[in-house]
Amino acid sequence: MSPGALLSARDLRVGFATEGGQLQAVDGVSFDLAAGEVLAIVGESGSGKSVTAQTILGLTRSPNARIEGSVQLGGVELLDASDSALRQVRGERIGMVFQDPMTSFNPVYRLGSQIVEAIRAHRGDVSKAEGRARAVELLDSVGIPDAERRVDDYPHEFSGGMRQRAMIAMALALEPEVLIADEPTTALDVTIQAQVLRLLERLNRERGVATILITHDLGVVAEVADRVMVMYAGRVVEEGTLDEIFYDPQHPYTWGLLGSLTRLDRPRPKRLPQISGAPPSLLSLPPGCSFRARCPHEFAKCAEMPPLEARLPDAPSHCDRCWLSPERKRELRQVEGQIGLGAPAR
Amino acid sequence: MTGGGEPLVEVTDLVKHFPIKKGLLIDREVDQVRAVDGVSFSVPRGQTLGLVGESGSGKSTVCRAMLQLLAPTSGSVRFEGQEIAGLSRRQLRPLRREMQMIFQDPYASLNPRKRVGQIVGDPLRLQGVASGAELRKQVRELLDRVGLAAEHYDRYPHEFSGGQRQRIGIARAIALKPKLVVADEPVSALDVSIQAQIVNLLDDLQDELGLTYVFVAHDIGVVRHISDRIAVMHHGKIVEQGSADQVCERPSDDYTKKLLAAVPVPDPRESRERRAAAGNV
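Chains A and B are the protein sequences, given in the same order. Add 9 to the 1-based position in the first sequence for this note's numbering, that's all there is to it. Add 90 to the 1-based position in the second sequence for this note's numbering, that's all there is to it.
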């Protein structure tokens, strides 16, 4: 664990025994999250991004799951923590926001009482009245108008965006040091998404909440992240600072993701650049680079799995999993045009 | 961008209100949801109209009322000059061949108990276009055209990924060689790397088959890419329409501006500048 890291994962591996065989959902993920930092984990369905996040909180524990590696919060191991110790961590030290605001609340209890319950589960000395006052304050802080009255609403009386903000309010009720947000804006309209992103940004800035943001949307990433980890088929294929990933992307999968973005501020291309094929089945991963079947630049060496390592001399924190030399990558990106957003190569 | 000749579809003052009813034995209408409240647009042959708006803005209801899948409350829908609002099911049946729909959720819009060949072949069979060996041949051609393999013919929908399922839905929609295809959020349930594939497929099919599209989505970037014209919906009304570039680059309506401003910019530097500017206001 590097100094200054609040939450760190080392070689995290999560496998599930399924009817179809052993499925390696997460295969050797490592990261450090510093206080006040926003780390975005980007990937498509099946990339392992959500399983990574859920495993941190012990939510993937089950008889058919095999979890290996290490996840430490402030130096304390979470992977082999007891259930009761984990309950102390959840909510209290790590808050979590899920994708679907429709199903994350219990529909038969008032929103306020659910927030009060979350507080009192950890702080037995907080009275119901105090808890309610705190719930009002929290709802108000995430921008719910007329929070004093709305605290007694049921979840269905809130709109999707309000419910997601209430979810964030609940996740923050105990002032955790870490917030894990799994696709927090995917189910929301763009104008509401913008509000939720502003809220996450403000919480990060004002309270220094370290955040893991899981998303498939690079637009969202560009707005809030400090660092980015790109996952594919259970592995990290590239990681770096926000600017490194957007302006000097090294992995062809990252190029594909950046290239397939539609941009309102650019003339539209005749065809959208696309990544051909589909992600491989995790049950029958071919040896070598897992992206090679879809990669236009595949060559003999790709039959061997490239390690995740820094390949650029002047960017030690920018790592990728591709055998192509940095010079060759630069050439290929030129050919492919817009990738790397046309920023000057540095 | 006006295009010569008569439009393929012309919608005038389309209204769809849903009654809100109360009462135990006798339903009393107490109010109405004005889902679509006076919408007019026309789509020239071979072109694409993009409908954008947030959830609840009435985009899907416009599509369904236009195709007479929902009876409009009032207003006119002309297809090749013929008024189709208010036609009976029997009168509509021959027209159904000409107007097809692609749905949002590729998991819910394919019958899980039917094989792919049957799903794609059903429109051909029901409209009496083909049967037997000829039907199978045509279905294989359709699967090939949308990028699926002939061996997928006998598989079930659950064996496919989201993107492949959407291809099945597209094959079904183009089976009868329709003139108009209405696509309601056809890519929003798909992964980013797959979205571009489907958008490009729709583009190619339009060129090959001369299709006219009404393309509904909340993702303005995708809509702008595929559309010739864009109509922006808000609270059941079209607040602005114009050429795709005009609406995206020089919006005149306040709501359109707000919508465009909320779209995240996938460019960290620009995003920072934009936020800094917004913070200073």
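Note that CB positions come from ideal geometry on N, CA and C, so glycine has one too.
Listed by chain order, chain A residues near residue i by CB distance under 7 Å
{"i": "Ser-145/B", "result": "Asp-198"}
{"i": "Cys-153/B", "result": "By Cβ distance, chain A contributes nothing, its closest Cβ being about 18 Å from Cys-153/B, past 7 Å."}
{"i": "Ser-251/B", "result": "Ala-287"}
Buried or exposed (CB count within 10 angstroms, at least 16 for buried), residue i
{"i": "Asp-103/B", "result": "exposed"}
{"i": "Ile-116/B", "result": "exposed"}
{"i": "Lys-310/A", "result": "exposed"}
{"i": "Gly-84/A", "result": "exposed"}
{"i": "Leu-350/A", "result": "For Leu-350/A, the predicted model reports a pLDDT of 43, less than 50, meaning its position is unreliable and no value from the coordinates is stated."}
{"i": "Thr-112/A", "result": "exposed"}
{"i": "Ile-288/B", "result": "buried"}
{"i": "Asp-226/A", "result": "buried"}
{"i": "Ser-147/B", "result": "buried"}
{"i": "Val-120/B", "result": "exposed"}
{"i": "Ile-110/B", "result": "exposed"}
{"i": "Ala-261/B", "result": "buried"}
{"i": "His-248/B", "result": "exposed"}
{"i": "Pro-316/A", "result": "exposed"}
{"i": "Ala-368/B", "result": "exposed"}
{"i": "Phe-169/B", "result": "buried"}
{"i": "Asn-73/A", "result": "exposed"}
{"i": "Leu-114/B", "result": "exposed"}
{"i": "Val-133/B", "result": "buried"}
{"i": "Glu-339/B", "result": "exposed"}
{"i": "His-327/A", "result": "buried"}
Amino acids of chain A, ordered along the chain, whose beta-carbon sits closer than 9 Å to that of residue i
{"i": "Lys-348/B", "result": "Thr-200"}
Contacts that residue i makes with chain B (C-beta to C-beta distance below 7 Å)
{"i": "Pro-282/A", "result": "Ala-286"}
{"i": "Ala-231/A", "result": "Pro-354, Val-355, Pro-356, Asp-357, Pro-358, Ser-361"}
{"i": "Leu-273/A", "result": "Ile-310, Gly-311, Arg-314, Cys-338, Leu-350, Val-353"}
{"i": "Gly-265/A", "result": "Ser-283"}
{"i": "Asp-252/A", "result": "Pro-358"}
{"i": "Arg-277/A", "result": "Arg-314, His-315"}
Proximal residues of chain B, C-beta to C-beta of residue i below 9 Å
{"i": "Phe-255/A", "result": "Pro-356, Asp-357, Pro-358, Arg-359"}
Reduced DSSP secondary structure (H/G/I, E/B, other) of residue i
{"i": "Cys-304/A", "result": "coil"}
{"i": "Leu-98/B", "result": "coil"}
{"i": "Ala-354/A", "result": "With a pLDDT of 35 at Ala-354/A, under the threshold of 50, the modelled position of this residue cannot be trusted; read the value that follows with caution. If DSSP states are grouped into helix, strand and coil, Ala-354/A belongs with coil."}
{"i": "Glu-210/A", "result": "helix"}
{"i": "Gln-194/B", "result": "coil"}
{"i": "Ile-209/B", "result": "helix"}
{"i": "Val-85/A", "result": "strand"}
{"i": "Pro-109/B", "result": "strand"}
{"i": "Ala-234/A", "result": "coil"}
{"i": "Leu-42/A", "result": "strand"}
{"i": "Met-189/B", "result": "strand"}
{"i": "Gly-259/B", "result": "helix"}
{"i": "Glu-340/A", "result": "helix"}
{"i": "Leu-291/B", "result": "helix"}
{"i": "Lys-269/B", "result": "coil"}
{"i": "Ala-279/B", "result": "coil"}
{"i": "Tyr-303/B", "result": "strand"}
{"i": "Ile-153/A", "result": "coil"}
{"i": "Arg-154/B", "result": "helix"}
{"i": "Ala-182/A", "result": "coil"}
{"i": "Ala-175/B", "result": "coil"}
{"i": "Gln-217/B", "result": "coil"}
{"i": "Glu-313/A", "result": "coil"}
{"i": "Ile-284/A", "result": "coil"}
{"i": "Glu-166/A", "result": "helix"}
{"i": "Val-236/B", "result": "coil"}
{"i": "Cys-338/B", "result": "helix"}
{"i": "Gly-93/B", "result": "Only weak support exists for where Gly-93/B lies, its pLDDT of 48 falling under 50; the value from the coordinates is given anyway. Here Gly-93/B sits in coil by DSSP."}
Per DSSP, cross-strand counterpart(s) of residue i
{"i": "Ile-223/A", "result": "Ile-50/A, Asp-191/A"}
{"i": "Met-240/A", "result": "Val-245/A"}
{"i": "Gln-33/A", "result": "Gly-24/A"}
{"i": "Ile-320/B", "result": "Gly-140/B, Gly-332/B"}
{"i": "Gly-104/A", "result": "Leu-188/A"}
{"i": "Leu-104/B", "result": "Val-129/B"}
Interface residues of chain A facing residue i [CB-CB closer than 8 Å]
{"i": "Arg-235/B", "result": "What Arg-235/B touches in chain A: nothing, since even the nearest Cβ is about 17 Å away."}
Neighbouring residues, chain B, relative to residue i (Cβ below 8 Å)
{"i": "Ser-269/A", "result": "Val-282, Ser-283, Gln-285, Ala-286"}
message = To be precise: take each residue of the segment 287 to 307 of chain B, compare its Cβ to all Cβ atoms of chain A, and keep it if any distance is under 8 Å. Which residues remain?
response = Gln-287, Val-289, Asn-290, Asp-293
query = Any residues in the segment 204 to 227 of chain A with a beta carbon nearer than 9 Å to a beta carbon of chain B? Which ones, in chain order?
reply = Gln-204, Leu-206, Arg-207, Glu-210, His-225, Asp-226, Leu-227
key: Contact list for the segment 40 to 71 of chain A against chain B, Cβ threshold 7 Å   = Glu-53, Ser-54
task = Closer than 7 Å, Cβ to Cβ, to anything on chain B: give me those residues from the segment 21 to 39 of chain A, in chain order.
result = none
task = Compile a chain-ordered list of the residues in the segment 314 to 330 of chain B whose CB is closer than 7 Å to at least one CB of chain A.
result = Arg-314, His-315
task = Below 9 Å between beta carbons is the criterion; list the residues of the segment 293 to 317 of chain A that meet it against any residue of chain B, in chain order.
result = Arg-303
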